[in-house]
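Numbering (the numbering used here), first residue to last: 1090 to 1564.
Below, the structure written as structure tokens:
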């Protein structure tokens, strides 16, 4: 293990739990803001009659033209005066959530070549905190988004890479470590909407964004405290090896490494559609949760629609340990699917989850209905996510050549970039009623299932190209 300390907790290095809580607070920040984003644009920022608090009846006059850059962005998206605010918001949502997954490609490259993982994480976290606080001001909305995009690019690939660095090659704890790490991501994503969404619904939108900024600062404090428990940066290890004469300063990829890199790229391309469908959760599904769902009143408190965003991370946190046990049980019996096989299953389950929404549309009609429909859809969707996302993160660290692992982690997030961009344009089909509501959810079902089947068809050649031997795995 390339670490300064061999101390363990629950069988894992202490550094895993430092990264767990750092990422938990960063995701608290990111998802707290993302949970508000679509409704903030539609109900407050870009309309002349604004909701003072999220979901509230009291309104105030607004001036969208006071938002710096709004006219330019609006004309980029569409010059048609008939385009709905919902359609504009869907595209902006897609581009924002997409770009936060594009910049990690650059952030990973800079970390591998110049800064190292630690410096990159600090730089990214500081920019993201500044961006969250800027969002409190209506006028500089797009500047806040820009800083969040750049900061996430430096932070995201390098925090994930450090998880893999805690374990030597072939360590059987690695998949479990990423599952634990993924639980940290989703603990933050669960808590943030209860805090940020509630503040936005009770005292105002800006308080929700401010709470997200405080979350980011909390993560940086934990990361600074836990430095001694983390593995050395890859760039530090490489420089030390060069000084000791163990390897040359420049070492091009050999034929086997190039084959593995190409296989990872192919897998990333297949993931694009998964993320395009998955991200409807914060886009059109959040609109459904706001406009078509009757949320309960608990002890006199009206549950805000933004709490919908907490169900997915709650289910992940609850189900991840169960699936970890299932895969261990399957591995002992030589029946565990391969990593690519799991990812194919995840895509299929994602698509099938939207059949629940088709049933919900038929049940509700033109009115509002039970929160059972979107929540049960998210439950099935979450199972699909568990089969794909943490498994993919682990696979990247196992397959990538060590000296470009942050760059390859950025490549993994590139599929999320393209998928999120696509999700914004897919959302227009819902917002502009190009498809009927049930037709839209059937469309998502087909996209998910067909992509999963394609991934399954390519699972054996991809596995062969990657050269990963997975004990107890079947094709």
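Every residue, glycine too, gets a C-beta built ideally from N, C-alpha and C. All figures in this text were calculated on a predicted structure; none of them were measured in a lab.
Where residue i falls, given that 16 or more other Cβ within 10 Å makes a residue buried
i, result
"residue 1430", "buried"
"residue 1381", "buried"
"residue 1535", "exposed"
"residue 1488", "buried"
"residue 1170", "exposed"
"residue 1370", "buried"
"residue 1485", "buried"
"residue 1164", "exposed"
"residue 1375", "buried"
"residue 1446", "buried"
"residue 1245", "buried"
"residue 1217", "buried"
"residue 1119", "buried"
"residue 1292", "exposed"
"residue 1342", "exposed"
"residue 1233", "buried"
"residue 1098", "exposed"
"residue 1483", "buried"
"residue 1397", "buried"
"residue 1564", "Model confidence at residue 1564 stands at a pLDDT of 35, short of 50, so the residue's coordinates are unreliable; what they give is reported in the following sentence. The residue in question, residue 1564, is exposed, as its Cβ has fewer than 16 Cβ neighbours within 10 Å."
"residue 1460", "buried"
"residue 1294", "buried"
"residue 1104", "buried"
"residue 1266", "buried"
"residue 1154", "exposed"
"residue 1523", "exposed"
Contacting residues, own chain, Cβ-Cβ under 6 Å from residue i (five flanking each side not counted)
i, result
"residue 1112", "1248, 1273, 1274"
"residue 1268", "1409, 1413, 1479"
"residue 1533", "1366, 1443"
"residue 1212", "1243"
"residue 1403", "1279"
"residue 1253", "1486"
"residue 1285", "1121, 1297, 1300, 1301"
"residue 1378", "1394, 1397, 1463"
Check whether residue i and residue j have beta carbons under 8 Å apart
i, j, result
"residue 1179", "residue 1423", "no"
"residue 1503", "residue 1194", "yes"
"residue 1289", "residue 1125", "yes"
"residue 1517", "residue 1176", "yes"
"residue 1259", "residue 1114", "no"
"residue 1354", "residue 1458", "no"
"residue 1062", "residue 1393", "Here the chain has residues from 1090 to 1564 only, and residue 1062 is not among them."
"residue 1047", "residue 1282", "With the chain running from 1090 to 1564 in the structure shown, residue 1047 is simply not present."
"residue 1438", "residue 1469", "yes"
"residue 1498", "residue 1250", "yes"
"residue 1471", "residue 1405", "yes"
"residue 1520", "residue 1173", "yes"
"residue 1544", "residue 1280", "no"
"residue 1436", "residue 1540", "yes"
"residue 1537", "residue 1456", "no"
"residue 1210", "residue 1129", "no"
"residue 1530", "residue 1450", "yes"
"residue 1417", "residue 1277", "no"
"residue 1151", "residue 1138", "yes"
"residue 1192", "residue 1238", "yes"
Close-in-space but distant-in-sequence residues of the same chain around residue i (CB under 8 Å, 5 per side omitted)
i, result
"residue 1262", "1100, 1101, 1256"
"residue 1231", "1156, 1157, 1158, 1159, 1162"
"residue 1093", "Because residue 1093 carries a pLDDT of 46, less than 50, the predicted location of this residue cannot be relied on, and no value is offered for it."
"residue 1215", "1240, 1309"
"residue 1361", "1504, 1507, 1508, 1511"
Beta-carbon proximity list for residue i, same chain, < 7 Å, skipping 5 on both sides
i, result
"residue 1509", "1183, 1186, 1187, 1190, 1364, 1368"
"residue 1400", "1464, 1467"
"residue 1140", "1132, 1133, 1148"
"residue 1493", "1201"
"residue 1109", "1269, 1270, 1273"
"residue 1500", "1194, 1353, 1354, 1357"
"residue 1106", "1098"
"residue 1091", "In this prediction, residue 1091 has a pLDDT of 46, which is less than 50 and means its spatial position is unreliable; what the coordinates show is noted afterwards. Once the five neighbours on either side are set aside, the close Cβ partners of residue 1091 are 1254, 1320, 1321, 1326."
"residue 1166", "1177, 1180"
- Message: As an exercise, report each continuous alpha helix (DSSP H) stretch of at least 4 residues that is fully enclosed by the region 1381-1459, in chain order.
- Response: 1400-1421, 1428-1442, 1444-1453
- Query: Is it true that the region 1120-1139 meets the region 1311-1320, where meeting means three or more beta-carbon pairs spaced less than 8 Å apart?
  - Reply: no
- Those runs of the beta strand (DSSP E) which lie wholly inside the region 1150-1218 and span at least 3 residues: none
- Message: Under 8 Å, with one C-beta from each stretch per pair, do the region 1466-1476 and the region 1394-1409 reach the 3-pair mark?
- Response: yes
- Report yes or no: do the region 1212-1226 and the region 1293-1302 share at least 3 C-beta pairs separated by less than 8 Å? yes
- Task: Identify every run of the alpha helix (DSSP H) within the region 1249-1298, keeping only runs that are complete inside it and at least 4 residues long; order them along the chain.
- Result: 1263-1281, 1287-1291
- Task: Enumerate, from N- to C-terminal direction, the unbroken alpha helix (DSSP H) stretches of 4 or more residues contained entirely within the region 1463-1549.
- Result: 1494-1520, 1526-1546
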